[in-house]
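J.:
In our numbering, the protein residues as written are 1 to 682.
(1) Hey, residue 182 and residue 195 are a contact pair by Cβ (cut 8 Å); roughly how many whole angstroms apart?
(2) Can you give me the C-alpha to C-alpha distance between residue 515 and residue 473, rounded to a whole angstrom?
(3) DSSP three-state call for residue 354: helix, strand or coil?
(4) For the region 266-276 and the region 590-604, state whether three or more C-beta atom pairs, one from each stretch, are separated by less than 8 Å.
(5) Under a Cβ-count criterion, where at least 16 other Cβ atoms within 10 Å of its own Cβ denotes burial, should residue 686 be classed as buried or exposed?
(6) Where does residue 405 sit, in a helix, a strand or coil, going by DSSP?
(7) Just mark residue 549 as buried or exposed, buried being the case when its beta carbon has 16 or more other beta carbons within 10 Å.
(8) Alpha carbon to alpha carbon, what distance is there between residue 300 and residue 471?
(9) How big is the Cα-Cα spacing for residue 399 and residue 331?
(10) At the level of alpha carbons, what is the spacing between residue 154 and residue 146?
(11) Could you check which residue in 128, 103, 123, 126 has the C-alpha nearest to that of residue 116?
(12) State the start and end residues of the unbroken beta strand (DSSP E) segment that holds residue 512.
(13) In this structure, what does DSSP give as the bridge partners for residue 617?
(14) Counting only the same chain and skipping the five closest in sequence on each side, list residues whose C-beta sits under 7 Å from that of residue 318.
(15) Cα-Cα, which of 508, 553, 429 is closest to residue 489?
(16) Is it the case that the region 336-348 contacts the region 427-446, given that we only count it when at least three CB pairs across the two stretches are under 8 Å?
(17) Measure the alpha-carbon distance for residue 302 versus residue 369 and round it to whole angstroms.
(18) Where does residue 68 fall in DSSP's three states?
(19) Count the other CB atoms within 10 Å of the CB of residue 40; is the residue buried (16 or more) or exposed (fewer)?
(20) Can you tell me the Cα-Cα spacing of residue 439 and residue 26, whole angstroms?
(21) Can you give, in chain order, each stretch of the beta strand (DSSP E) that sits fully within the region 201-228 and has at least 3 residues?
(22) So residue 282 and residue 314 are in contact, right, with Cβ under 8 Å, and what is the actual spacing, rounded?
(23) Per DSSP, what are the beta-bridge partners of residue 490 in this structure?
(24) Quick one: what's residue 668 bridged to in DSSP?
(25) Just to confirm, are residue 686 and residue 66 a CB contact at a threshold of 7 Å?
(26) Which residue wins for smallest C-alpha separation from residue 113, given the options 263, 79, 606, 96?
(27) Check whether the Cβ atoms of residue 148 and residue 122 lie closer than 7 Å to each other.
(28) Can the beta-carbon of residue 536 be found closer than 7 Å to that of residue 522?
(29) Give me, in chain order, the residues of the same chain whose beta-carbon lies closer than 8 Å to that of residue 164; leave out the 5 immediate sequence neighbours on both sides.
(30) Measuring alpha carbon to alpha carbon, tell me which residue in 111, 627, 395 is nearest residue 379.
(31) Assign residue 157 to buried or exposed, taking buried as 16 or more other Cβ atoms, counted over all protein chains shown, within 10 Å of its Cβ.
(32) Would the beta-carbon of residue 653 fall within 7 Å of that of residue 632?
(33) Does the beta-carbon distance from residue 254 to residue 235 come in below 7 Å?
(34) Count the other CB atoms, across all protein chains shown, that sit within 10 Å of the CB of residue 1; report buried if there are 16 or more and exposed otherwise.
(35) Whole angstroms is fine: what's the gap from residue 554's alpha carbon to residue 661's?
(36) Please classify residue 232 as buried or exposed, where buried requires at least 16 other C-beta atoms within 10 Å of its C-beta.
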């Protein structure tokens, strides 16, 4: 039981309205109203006249058996109050029916003492239940739903608007109190603005607000990232571009789906991409022709239907480029570019009939495999975890599955298995993330096994106590280094889960996926609400060993750098700021170093060519911890001037010494510089 909405009288803040909402969500169901409270009608609209010290329930004209309720107080006359109320009085209709039998839109003209039902409109109440009233016109009312519903007669009649080319599923609406024609609309597709009180919508596309579920990468140059987003399909795009504009929306290609989830690049043909949307609907897209082929396994006529989750695992085999794996209540092996399939497991769920039907939202199936992983070391070694607490492993490609559920430690046993990560250095090692928040347990539950799942040791240690862990990744280059995606951000451990620390520069949002690019060693992070992040050249994280940490200063081996010019773009023009631009990686060589303690001495870096010839001198931060700076691959002015106005040019290709000094401490590495064709050098 909680407050689904609160509204305050703008003329008297002591008057507060609260809409109490009873709901019960388990890993396999979602119910609201009396169904969530053993038949007791505990929800409804409550009013306080003393700033919340005391409350009384309002009832005159309101329905019983209420679920979620939205509220709005008319600013010009706070006696006028609107509510949109879910009710199971007289039963409920279909989940996609926007009309309620006894609920809907209600209006009060006496501060909530009595109410008049003006409309049965109540779109998918658990998902929306939002109502707004124009601050200067009590007859103009907005109801949010799959579309925006607008009334100009006090809620008696509504029309769908106003949203040409506006992404559906409207969740938030703000009305400018000084200019009610100026409204902001938040949808599953982002933020929109209108200066007409609706209609003429402008998509404010400069915000990185994507809600990514899963991501994947390929080994193109530059490599591509694909990912699935909440109600925004699956997309594929570059990790960098050759343009000064950076990475813009137009560089990305939609590859299909409704809600997007897993995607896989074909291991043999880089122009084939596989993507999965809700309920296991897998398709293959040929980027050359645009041809789409649906691939979801379907049982023979008369056979039991397969169950697939909202977010069904789809992965490519690390050992056989012809194989994909897809999981529902069973695990499927797909071959022939996904067109031939066979089941390689029985039903891996608990097979509890009460936990396999879609209850509440109408969108999900339960009792299914939620996470599937293949060992990068041992062919045929697969792990599977379900949403009803089952954990399985097979060592022979699905010929025999071992049930490990009883070995899971008690706090996590029987709970939603969020992710499994097989070890990259030892095939017997795996990491388990369990998300029990749907059962009311918000603790971080993460574990490690070193014996193929017979025993598990907790590794969540000092992670935030109320932040569920979504996944754990082991760095492929160092099994001591782990990354955790949690409900509250990205964390790293450098001692195999003994201690954790937040990685800087990340927003405090849920992290749903993490990958280390196999060639570039970039750390690619998918967030739920702030889109994608890439930490360029994250190899130093894997190299941050206890020996390195003990040093006063340490320069990490830099990856090879390419001297190349970016092409002109709209960024060179005035007024070209209306689009979102993702930053390209820094131009030049990324130099990363460790400082044990800030002594006040400057960090000096000297770049030398053959024969210790000076090339560039740089100065960096002496802040304790990891630091980095970028050398632009050109001589610094104190070493070489611009020679009669020719301008600075890149250094020639070859090996360069990078020498760092910090007080009396020194560290040295070698940098390889390549030059793009056609680029002039000194």
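Just so you know, even glycine gets a beta-carbon here, dropped at the ideal spot from N, CA and C.
T.: Reading it off the structure:
(1) Confirmed, Cβ separation roughly 5 Å.
(2) C-alpha separation (whole angstroms): 8 Å.
(3) Residue state, collapsed to three classes: helix.
(4) These segments do not touch.
(5) As shown, the chain starts at 1 and ends at 682. That puts residue 686 outside it, with no answer to give.
(6) Of the three classes helix, strand and coil, the one that applies to residue 405 here is helix, per DSSP.
(7) Counting Cβ neighbours within 10 Å, residue 549 comes out exposed, since fewer than 16 surround it.
(8) Residue 471 and residue 300 have their alpha carbons spaced roughly 35 Å apart.
(9) So the two alpha carbons sit approximately 11 Å from each other.
(10) In this model, residue 154 and residue 146 are separated by some 21 Å (Cα to Cα).
(11) Checked all of 128, 103, 123, 126; the closest Cα to residue 116 is 103.
(12) It spans 511-516 - the beta strand (DSSP E) in which residue 512 sits, taken as one unbroken run.
(13) Answer by DSSP bridge pairing, in chain order: 606.
(14) Setting aside the 5 residues that flank it on each side, residue 318 is surrounded in the same chain by 374, 376, each with a C-beta closer than 7 Å to its C-beta; the list follows chain order.
(15) Comparing Cα positions, the closest option is 508.
(16) Flag = no, the region 427-446 and the region 336-348 do not touch.
(17) So the two alpha carbons sit approximately 23 Å from each other.
(18) Residue 68 falls in the strand class under three-state DSSP.
(19) Result: exposed.
(20) Here the C-alpha atom of residue 439 lies approximately 6 Å from the C-alpha atom of residue 26.
(21) Fully enclosed beta strand (DSSP E) runs of 3 or longer: 202-204, 212-217.
(22) Contact between residue 282 and residue 314 holds, with the beta-carbon distance rounding to 6 Å and staying under 8 Å.
(23) Beta-bridge analysis with DSSP links residue 490 to 485.
(24) Residue 668 is bridged to 659.
(25) What is shown of the chain runs 1 to 682, which leaves residue 686 out entirely.
(26) Here the closest residue by C-alpha is 79.
(27) Inclusion of residue 148 and residue 122 in the CB contact set at 7 Å is not warranted, their separation being larger than that value.
(28) In this structure, residue 536 sits near residue 522, with a CB-CB distance shorter than 7 Å.
(29) Short of 8 Å from the beta carbon of residue 164, and not among the five residues preceding or following it, lie these beta carbons of its own chain, in chain order: 199, 201.
(30) Among 111, 627, 395, the Cα nearest to that of residue 379 is on 395.
(31) Exposed, since its Cβ has fewer than 16 Cβ neighbours within 10 Å.
(32) Residue 653 places its beta carbon 7 Å or farther from that of residue 632.
(33) Yes, they are a contact pair.
(34) It is exposed - the Cβ of residue 1 has fewer than 16 other Cβ atoms within 10 Å.
(35) The C-alpha of residue 554 lies about 9 Å from the C-alpha of residue 661.
(36) Burial call: buried.
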